[in-house]
Every structure is written in C-alpha cells, then in structure tokens.
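Chemist:
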Amino acid sequence: MPVPAAVTHQPRLLSLNIHDEPGITFGELAPGITLWPLFIDPANATWVMYARYEPGVQLARHFHTGVVHFFTVKGRWGYAEHPLDEQRAGSYLFEPANSLHTFTIPADATEAVEGFMVVTGANVNFDAD
19 MPVPAAVTHQ PRLLSLNIHD EPGITFGELA PGITLWPLFI DPANATWVMY
69 ARYEPGVQLA RHFHTGVVHF FTVKGRWGYA EHPLDEQRAG SYLFEPANSL
119 HTFTIPADAT EAVEGFMVVT GANVNFDAD
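The numbering of the sequence shown is the numbering used here, which starts it at 19 and goes up by one.
1. Check whether the Cβ of Ala115 sits closer than 6 Å to any heavy atom of the ligand ZN, and report yes or no.
2. Beta strand (DSSP E) containing Pro55: first to last residue?
3. How would you call Phe81, buried or exposed, if buried means at least 16 neighbouring beta carbons within 10 angstroms?
4. Mapping the DSSP letters down to three states, classify Gly14 as helix, strand or coil.
5. Starting from Thr122, follow its DSSP beta bridges and name the residues at the other end.
6. Any idea what DSSP makes of Leu150, helix, strand or coil?
7. Let's test the definition: count the other Cβ atoms within 10 Å of the Cβ of Val131 and tell me whether it reaches 16, buried, or not, exposed.
8. Can you tell which of Ile51, Gln76, Leu32, Thr90 has its C-alpha closest to the C-alpha of Pro40?
9. From this set, Ala61, Arg79, Arg70, which residue's C-alpha is nearest Ala107's C-alpha?
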C-alpha cells in the first residue's frame with residue numbers, strides 16, 4: 019500500500035526543548051510555578067505541558083472536566099485528599115474526570131517537582147468558600 023503524500027513531506031519536526039525555551043511564570047499570582055506549554059488544542063480541549071513546582075507550592079483545590087495523565091520526573095508530591103498516595107520521580111498518575119483534589123508538595127521537600135502532563139477539559143478552581 020503506498021504511503022499517503024501528506025506523510026512524506028515535512029520540512030521540519032514540530033518539536034521544542036524546554037531547556038531552550040523560557041517557561042511561563044506567574045509572579046505573585048502563582049509563585050513557584052513554571053509551565054512550558056508544549057501543545058494546546060482548544061478545539062479538543064487538550065493541553066500538554068511540562069511543569070516545575072518549587073518546594074512549598076500548594077495549588078487551589080480544583081478538578082478537571084476531563085482526564086489528566088501526569089508523569090513525575092523529579093521530586094515528590096501528593097494530593098491533600100490522598101495522603102497515602104505520594105507521587106515521586108518515576109510515578110505515573112491517571113486522574114479521572116471530575117476528581118476533586120489539592121496538589122501539595124510536602125513541607126519537608128528539598129527539591130522542586132517536575133513533570134509532564136496531558137490534560138483534557140477545563141480546570142475548575144475553588145476558593146475556601
């Protein structure tokens with residue numbers, strides 16, 4: 019079977035290296051977080067990112083309307099709601115849609131958390147109320 023013409027011509031690979039690109043930081047809005055958006059597809063509500071969270075970071079309690087795949091490359095973290103399920107370097111986490119959680123890096127952590135994630139759907143944050 020012949021290969022489709024669309025596959026045979028691609029002048030450059032669509033790639034980037036996080037070591038060559040500045041990450042996005044949020045200043046006082048979200049201190050200690052750096053994100054590298056790798057792929058964003060608004061039509062299918064899919065985003066792929068590499069993230070770095072400094073020790074002491076805790077995200078707002080939230081859920082995603084779709085699923086999340088998170089592979090931890092460095093550090094250790096967990097969800098406040100699941101204290102026995104610590105994630106550490108080498109851990110893969112599948113998060114079902116609409117699961118409510120609070121991303122937390124332990125107070126005694128000595129290194130940043132880094133990881134690769136694929137997220138579908140919207141992110142819905144909650145405040146204390």
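Where a beta carbon is used, it is the ideal one built from N, C-alpha and C, also for glycine.
Modeler: With the given structure in hand:
1. As for the ligand ZN, it is missing from this structure, which has no ligand bound.
2. It spans 51-59 - the beta strand (DSSP E) in which Pro55 sits, taken as one unbroken run.
3. Its Cβ being crowded by 16 or more others within 10 Å, Phe81 is buried.
4. What is shown of the chain runs 19 to 147, which leaves residue 14 out entirely.
5. According to DSSP, Thr122 bridges with Gln76, Gly96.
6. Not covered by the structure: residue 150. The range shown for the chain is 19 to 147.
7. It counts as buried.
8. Taking Pro40 as reference, the option from Ile51, Gln76, Leu32, Thr90 with the minimal CA-CA separation is Ile51.
9. The shortest Cα separation from Ala107 among Ala61, Arg79, Arg70 belongs to Arg70.
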